[in-house]
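Heads up: the sequence shown at position 51 corresponds to 329 in the working numbering, and the numbers run straight through without jumps. From the three backbone atoms N, C-alpha and C, an ideal C-beta is built for every residue, glycine too. Below is one structure, written out as structure tokens; comments come after it.
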Amino acid sequence: MNLYAGLRPLLFRLPPERAHALTLWALKSGLLGGASKADDPVLATEVWGRRFANPLGMSAGFDKNAEVMAPLLRLGFGFVEVGSITPKPQPGNPRPRVFRLPADRAVINRLGFNNEGIAGAEPRLKAFRATPVPGVLGVNLGKNKDGQAEADYAASTRALARHADYLAINVSSPNTPGLRALQGRAELERLIAAVRAELPDPPPALVLKIAPDLTEPDRRDIAAVALDRLDGLIVSNTTVARPENLRDPAKSETGGLSGRPLFRPSTDLLAEMYRLTEGRLPLIGVGGVEDGATAYAKIRAGASLVQLYTALVYEGPGLVTRIKRELSELLRRDGFARVADAVGADVAS
Ligand SMILES: Cc1cc2nc3c(=O)[nH]c(=O)nc-3n(C[C@H](O)[C@H](O)[C@H](O)COP(=O)(O)O)c2cc1C
279 MNLYAGLRPL LFRLPPERAH ALTLWALKSG LLGGASKADD PVLATEVWGR RFANPLGMSA
339 GFDKNAEVMA PLLRLGFGFV EVGSITPKPQ PGNPRPRVFR LPADRAVINR LGFNNEGIAG
399 AEPRLKAFRA TPVPGVLGVN LGKNKDGQAE ADYAASTRAL ARHADYLAIN VSSPNTPGLR
459 ALQGRAELER LIAAVRAELP DPPPALVLKI APDLTEPDRR DIAAVALDRL DGLIVSNTTV
519 ARPENLRDPA KSETGGLSGR PLFRPSTDLL AEMYRLTEGR LPLIGVGGVE DGATAYAKIR
579 AGASLVQLYT ALVYEGPGLV TRIKRELSEL LRRDGFARVA DAVGADVAS
């Protein structure tokens, strides 16, 4: 049953990026991602006028080049977010740049947007859109290391937005110098205007992915801008903080921390953004989701949709089905007939 438990020690002997490349290869060759069962109707939801068979998505960074969207959906995800994609291809930072922290069930990465650029992703997105694979597609946009923010996000929007159900502007990766400074109010307003000017008709939903390390004034500014100009927020990216209780020696590596230690801070920020946006905007909750209970906690903290990445490294592909089963049970236990009814249940208005 749990094949991955046997495979994991072998995968963990490989450097993380080699293990990841092998996983992508297995997905592409059809070795992973067999047909999953139809989802429990209690998990169905509608956001931005799109139907999601379930609210669980693959978060950005796993499929940076839009290579395995269909296999990930076949694994049971309700939606997939590809990227971050930058206009030009770029190699990212020197290796090693991804570190497992098994003692903390966490990962630190400083990849720096290694990806094949628009030219790599665009044909694959187009081909995917020509097939009738059910599932919602998000496209996450980043900025080249030597790029200019407004020009970069505008160029990628022009090239890729037509293939996306939602477009995620990523201004929260800690591994591109200056990127997170784009989360200030004036910078954001300019950036969103530049992107909006390039949206096709009909437009995809436009969402912003934010960092967990924002100051209180930044949080308020983002909420105000989001209510005015955006269709949603993704909360959150990895953190540059290093909680006191980390045990793994790799904790001293530079980069963004994800996984279990990110659960509390990212969920607290999610609840705060839900409050600040008065429950009027769909939020995607991400950070430390590893089972049905953590996915459910995100929903109760205000998430209409939930994503994960790091837990997949530790638990393997069977995790998707397990989370969905546990989430259905928790929703029914508490008398919720639909995911949407549980959104924000823990947040006092
Ligand atoms: C190896 C790795 C690469 C990532 N790359 C990206 C990226 O390119 N763009 C992005 O927006 N987020 C990226 N992320 C962040 C994840 O999408 C997610 O926001 C974060 O890891 C928290 O979720 P988790 O705790 O379930 O991993 C990356 C995360 C990891 C672990």
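- With a contact defined as Cβ atoms closer than 8 Å, Val414 and Arg328 qualify at about 5 Å.
- Proximity to Ile363 across Val376, Phe340 and Pro372 peaks at Phe340, based on C-alpha coordinates.
- In the DSSP assignment, Ala348 falls within the unbroken alpha helix (DSSP H) covering Met347 to Arg352.
- By the Cβ rule, the stretch 594–611 counts as touching the stretch 314–326, because three or more pairs are nearer than 8 Å.
- Ligand 1 has a heavy atom closer than 8 Å to the beta-carbon of Thr516.
- Ala579 counts as buried, since no fewer than 16 other beta carbons sit within 10 angstroms of its beta carbon.
- For Thr545, the shortest separation between its Cβ and any heavy atom of ligand 1 does not lie below 8 Å.
- Burial of Asp499 is indicated by the presence of at least 16 other C-beta atoms within 10 angstroms of its C-beta.
- Under the three-state reduction of DSSP, Gln585 is assigned to strand.
- For the 9 Å CB-CB criterion, Asp491 and Pro521 do not form a contact.
- Within the model, the alpha-carbon separation for Gly510 versus Pro374 is close to 34 Å.
- Classified as buried, Gln368 has 16 or more neighbouring CB atoms from the shown chains inside 10 Å of its CB.
- Counting other Cβ atoms within 10 Å of its Cβ, Asn515 reaches 16 or more and is therefore classed as buried.
- Distance from the C-beta of Lys487 to the nearest heavy atom of ligand 1 is below 8 Å.
- According to DSSP, residue pairing for Gln368 in a beta bridge involves Asn393.
- The three-state reading of DSSP puts Thr532 in coil, since its state is none of H, G, I, E or B.
- Just measuring C-alpha positions, the residue of Ile601, Leu508, Ala618 and Glu531 sitting nearest Leu389 is Glu531.
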